[in-house]
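Worksheet: one structure, shown below.
There are 2 protein chains.
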Amino acid sequence: MTGTFADSIENRFDPSTPASADPLLASELVTEIEFLAARAVSIGTARANSMLAPLDLKVRSYSVLALACTAEAPSQRELADFLCLVPSQIVAIVDALEQRGLVERIGDRNDRRSKAIRATASGKKLYKNASRAVREAEASSLEALTVDECDQLRGLLRRIAFTPAG
Amino acid sequence: MTGTFADSIENRFDPSTPASADPLLASELVTEIEFLAARAVSIGTARANSMLAPLDLKVRSYSVLALACTAEAPSQRELADFLCLVPSQIVAIVDALEQRGLVERIGDRNDRRSKAIRATASGKKLYKNASRAVREAEASSLEALTVDECDQLRGLLRRIAFTPAG
DNA sequence: TATTGTTATACTCTATAACTATA
DNA sequence: TATAGTTATAGAGTATAACAATA
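Given below as structure tokens:
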């Protein structure tokens with residue numbers, strides 16, 4: 000996710016064809032929250048990925064690392080549910096992080112099927128830097144908003160991201 | 000995108016493990032707008048896709064169809080830029096829609112390289128139904144918000160989705 | 001019987017480069 | 001030279017089913 004996204008964004012916002020003049024902005028599609036959110040996410044994810052690239056992380060692996068840094072190390076099943084990923088994807092991501100010594104799998108004594116994923120010291124250290132990189136990418140994506148507006152947006156998104164099925 | 004998403008959402012929000020009790024909600028990750036938006040979009044896209052399935056559309060093809068319904072039929076390049084997709088992807092999507100007689104490629108007389116994508120009568124008819132389906136999916140995803148809050152959210156997202164690079 | 005993690009596999013999505021025809 | 005569309009291909013991401021170990 001390096002080139003094309005950024006490229007199309009560049010093209011899209013080329014000064015010679017300002018967004019505000021684009022007739023497509025009059026489309027019904029632009030009134031759909033789903034579309035706007037998807038576009039914002041795809042731009043934001045591309046930025047975050049490119050900021051994370053020097054650390055050899057992507058948003059996916061970064062997210063797993065972040066959750067592995069919490070006090071109560073989550074099981075792989077919990078990671079899958081929380082990140083809306085299939086369990087087999089978690090296996091691959093955790094494998095990669097574990098091979099780099101960033102997280103470790105800890106057998107659960109009560110349920111020996113389950114394995115808790117916990118960040119190592121080195122994983123926590125990397126997470127600190129990664130977190131900073133992601134915040135930086137986010138700040139650049141949210142440049143158009145005031146701090147208060149960011150708080151509003153966070154509150155609204157949090158509610159729809161964690162609301163039981165309609 | 001049929002099973003796993005819905006399934007993990009079901010698991011995630013199973014009454015026996017309410018979201019509000021999940022220790023992962025205390026993670027720093029949950030304070031990131033990027034993460035919240037990505038989660039909301041992935042849930043919302045799954046819903047929209049399943050609502051569109053009976054019409055043999057997905058959010059991608061639906062979006063192209065929607066833009067093809069605008070007064071000034073966009074070129075494939077404009078579609079690619081607007082939807083943050085690579086031109087070759089647009090080709091595939093337009094091919095599929097064209098084969099179903101939903102859109103047509105119209106050569107531009109001024110620039111014979113360019114082709115405008117315009118919805119046919121049948122395409123416009125399908126779009127009406129598809130649009131209703133998507134609105135329904137959206138309403139279900141946004142159930143937790145009031146109408147005013149939806150307007151707020153739309154306004155904020157629109158600004159970050161269409162802001163020149165930071 | 002059901003669930004956790006795992007493997008293997010297939011499928012979809014996305015990206016890249018090379019080509020053509022126009023400009 | 002540069003751009004619009006196209007093709008072919010490769011790579012990443014995602015989904016499915018089946019299995020072993022455990023509950």
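So the sequence lines, in the order shown, correspond to chains A and B.
Under numbering that gives the first Met the number 0, the residue at position 164 of the first sequence is numbered 163, and the numbers go up by one with no gaps.
Under numbering that gives the first Met the number 0, the residue at position 39 of the second sequence is numbered 38, and the numbers go up by one with no gaps.
Virtual Cβ for every residue (Gly too), placed ideally from N, Cα, C.
Checklist entry - So is GLN151(B) in contact with chain A if we call contact Cβ pairs under 8 Å? => result For the purposes of this step, residue 151(B) is identified with residue 152 of the second sequence, where counting begins at 1. Yes, GLN151(B) lies at the interface with chain A (some Cβ there is under 8 Å from its Cβ).
Checklist entry - Is VAL40(A) close to chain B, meaning its C-beta is less than 8 Å from at least one C-beta of that chain? => result For this step, residue 40(A) is matched to residue 41 along the first sequence. It does; some Cβ of chain B falls within 8 Å.
Checklist entry - Beta-carbon separation of LEU66(B) and PRO73(B) under 8 Å? => result Here residue 66(B) refers to the residue found at position 67 when the second sequence is read from its first residue. Here residue 73(B) refers to the residue found at position 74 when the second sequence is read from its first residue. Result yes, Cβ atoms of LEU66(B) and PRO73(B) sit closer than 8 Å.
Checklist entry - chain A partners of THR44(B), CB-CB under 8 Å? => result Walking along the second sequence from the start, residue 44(B) turns up at place 45. The contacting residues are GLU33 and ALA37.
Item to check | Bridge-paired residues (DSSP) for GLU103(A) | outcome: Translated into the one-based positions of the first sequence, residue 103(A) becomes position 104. Note: GLU103(A) is bridge-paired with ARG117(A) in the DSSP secondary-structure output.
Checklist entry - Comparing the C-beta of SER26(A) with each C-beta of chain B, is any distance below 8 Å? => result The residue labelled residue 26(A) in the question sits at position 27 within the first sequence. Closer than 8 Å: yes.
Next on the checklist: Suppose you measure from the CA of LEU152(B) to the CA of SER26(A); what does that come to, to the nearest Å?
Outcome noted: Taking the first residue of the second sequence as 1, we reach residue 152(B) at position 153. Taking the first residue of the first sequence as 1, we reach residue 26(A) at position 27. Their Cα atoms are separated by approximately 18 Å.
Next on the checklist: Which residues in chain A have a C-beta closer than 8 Å to the C-beta of VAL133(B)? List them in chain order.
Outcome noted: In the second sequence, counting from the first residue as 1, residue 133(B) sits at position 134. Here the neighbours are GLU31 and GLU33.
Checklist entry - Identify the residues that DSSP records as bridge partners of SER74(A): which are they? => result As a working note, residue 74(A) is residue 75 in the first sequence. The beta-bridge partner set that DSSP reports for SER74(A) consists of ALA115(A).
Checklist entry - How would you write the range of the alpha helix (DSSP H) that PHE161(B) sits in, first residue to last? => result Here residue 161(B) refers to the residue found at position 162 when the second sequence is read from its first residue. No alpha helix (DSSP H) contains PHE161(B), which DSSP labels as neither H nor E.
Next on the checklist: Rounded to whole angstroms, what is the Cα-Cα separation between GLY122(B) and ILE92(B)?
Outcome noted: As a position in the second sequence, residue 122(B) is number 123, starting the count at 1. As a position in the second sequence, residue 92(B) is number 93, starting the count at 1. About 14 Å.
Checklist entry - Which value, in whole angstroms, describes the spacing of the CA atoms of THR3(A) and ASN48(A)? => result On the first sequence, position 4 is the one that residue 3(A) refers to. On the first sequence, position 49 is the one that residue 48(A) refers to. Any reading at THR3(A) needs caution, since the residue's pLDDT is 27, under 50, leaving its predicted position unreliable; the model's value is listed next. Annotation: THR3(A) to ASN48(A) spans about 13 Å, alpha carbon to alpha carbon.
Item to check | Closest Cα partner of LEU141(A) within the set LEU24(B), LYS57(B), LEU23(B) and ILE32(B) | outcome: Stepping through the first sequence from its first residue, residue 141(A) is reached at position 142. Answer by Cα proximity: ILE32(B).
Item to check | Rounded distance between the beta-carbons of LEU82(B) and ALA132(B), thought under 8 Å | outcome: Taking the first residue of the second sequence as position 1, residue 132(B) is located at position 133. Taking the first residue of the second sequence as position 1, residue 82(B) is located at position 83. Their Cβ separation, rounded to whole angstroms, is 19 Å, which puts ALA132(B) and LEU82(B) out of contact at 8 Å.
Checklist entry - Just to confirm, are GLU103(A) and ARG117(A) a CB contact at a threshold of 8 Å? => result Position 104 of the first sequence, counted from the first residue, corresponds to residue 103(A). Position 118 of the first sequence, counted from the first residue, corresponds to residue 117(A). It is a contact, given that the beta carbons lie within the stated cut-off.
Checklist entry - What do you get for GLU137(B), buried or exposed, if any count of 16 or more other CB atoms within 10 angstroms of its CB means buried? => result Translated into the one-based positions of the second sequence, residue 137(B) becomes position 138. GLU137(B) comes out buried.
Item to check | Helix, strand or coil at LYS57(A) [DSSP, three-state] | outcome: Locating residue 57(A) in the first sequence gives position 58, counting from the first residue. The answer is coil: DSSP assigns LYS57(A) none of H, G, I, E or B.
Item to check | Minimum Cβ-Cβ distance from GLU71(A) to chain B less than 8 Å | outcome: Within the first sequence, numbered from 1, the residue matching residue 71(A) stands at position 72. Yes, GLU71(A) lies at the interface with chain B (some Cβ there is under 8 Å from its Cβ).
Item to check | Under 7 Å from the C-beta of ALA143(A): neighbouring residues of chain B | outcome: Taking the first residue of the first sequence as position 1, residue 143(A) is located at position 144. Per Cβ cutoff of 7 Å: ARG158, ILE159 and THR162.
Checklist entry - Quick one, which of THR162(B), ALA39(B), GLU77(B) and SER60(B) has its alpha-carbon nearest ASP94(B)'s? => result On the second sequence, residue 94(B) is found 95 positions in, with the first residue counted as 1. Closest option to ASP94(B), Cα to Cα, is SER60(B).
Checklist entry - For a contact meaning CB atoms closer than 8 Å, what does LEU54(A) contact in chain B? => result One-based indexing of the first sequence puts residue 54(A) at position 55. For LEU54(A), no chain B residue has a C-beta closer than 8 Å to its own C-beta; the minimum C-beta separation is roughly 16 Å.
Checklist entry - Is there a Cβ from chain A that is less than 8 Å from the Cβ of SER140(B)? => result If you number the second sequence from 1, residue 140(B) lands on position 141. Residue-level contact check: SER140(B) touches chain A, since one or more beta carbons of chain A fall below 8 Å from its beta carbon.
Checklist entry - Is ASP6(A) buried or exposed, if buried means 16 or more other CB atoms sit within 10 Å of its CB? => result Here residue 6(A) corresponds to residue number 7 of the first sequence, with the count starting at 1. Bear in mind that a pLDDT of 29 at ASP6(A), under 50, signals an unreliable position, so the number given afterwards is only what the model happens to contain. Using a 10 angstroms sphere on the CB of ASP6(A), the tally of other CB atoms stays under 16, which defines it as exposed.
Checklist entry - Mind checking if LEU51(A) is an interface residue toward chain B, Cβ cutoff 8 Å exclusive? => result As a working note, residue 51(A) is residue 52 in the first sequence. Answer no: the Cβ-Cβ gap between LEU51(A) and chain B never drops below 8 Å.
Next on the checklist: According to DSSP, is LEU51(A) part of a helix, a strand, or is it coil?
Outcome noted: By one-based count along the first sequence, residue 51(A) stands at place 52. If DSSP states are grouped into helix, strand and coil, LEU51(A) belongs with the helices.
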